[in-house]
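Reading through the structure tokens given below for one structure.
Residue numbers (the numbering used here): 796 to 927.
Rendered as structure tokens:
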């Protein structure tokens, strides 16, 4: 009897170490999952901010078109809440339908923040066609 008790003395240590490794691996996985979720939600918010900045840039371009009747000098850019909003293209086409004449403007805008290659880099593009 005494001999079997001595041969099982290290069993508790081995099972404790195994359990410690499994719990540590689970904790590391949960930390990584939490970090990914935080980054994902942060990028979603940044994307929405970029979309709103782009909409503001479109409104600015429409204001310039209404004010002058012509495309602004390209590339035209404005900074909105840290986003660099750039009017990349502006093409005007004249149309006449019956007695009515109007101009169709095809605009391409982009909003960017951060440096390309960084985790927090955000860029959104939009194309709009408007008439005056």
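The C-beta atom is built at its ideal place from N, Cα and C for all residues, glycine as well. None of these values were measured; they are calculated from a predicted model.
**Request:** Within 10 angstroms of the Cβ of residue 858, are there 16 or more other Cβ atoms? Answer buried if so, exposed if not.
**Result:** An exposed status is given to residue 858, since fewer than 16 other beta-carbon atoms sit within 10 Å of its beta-carbon.
**Message:** What ranges does the beta strand (DSSP E) occupy inside the region 892-924, keeping only unbroken runs of at least 3 residues that lie completely in it?
**Reply:** Restricting attention to beta strand (DSSP E) runs no shorter than 3 residues, the region 892-924 encloses them at 895-908, ordered along the chain.
**Request:** Compare the Cα-Cα distances from residue 849 to each of 914, 924, 926, 907 and report the closest residue.
**Result:** In terms of Cα proximity to residue 849, the closest of 914, 924, 926, 907 is 907.
**residue 890 versus residue 884: straight-line alpha-carbon distance, rounded** = Cα to Cα, residue 890 sits roughly 19 Å from residue 884.
**Item:** Whole-number beta carbon distance between residue 875 and residue 779, since they are thought to touch under 8 Å
**Value:** Within the shown structure, residues of the chain are numbered from 796 to 927, placing residue 779 beyond reach of any answer.
**Asked** By how many angstroms is the C-alpha of residue 819 removed from the C-alpha of residue 901?
**Response** So the alpha carbons of these two residues sit roughly 57 Å apart.
**Close beta carbons around residue 881, own chain, < 6 Å, minus the five adjacent residues each side** = Counting only Cβ-Cβ distances below 6 Å, and skipping sequence neighbours, we find 870, 872, 905.
**Prompt:** Within 10 angstroms of its Cβ, does residue 822 collect 16 or more other Cβ (buried), or is it exposed?
**Reply:** Exposed.
**Asked** In chain order, what residues of the same chain have a beta carbon less than 7 Å from the beta carbon of residue 910, not counting five sequence neighbours either side?
**Response** Only 916 meet the Cβ criterion.
**Whole-angstrom distance between residue 899 and residue 842, CA atom to CA atom** = The C-alpha of residue 899 is placed about 29 Å away from the C-alpha of residue 842.
**Message:** If distances are taken between C-alpha atoms only, which option among 919, 924, 925, 927 comes closest to residue 844?
**Reply:** Answer by Cα proximity: 919.
**Message:** Could you check whether the Cβ of residue 894 sits closer than 7 Å to any heavy atom belonging to the ligand SAM?
**Reply:** This structure lacks the ligand SAM, and indeed carries no ligand of any kind.
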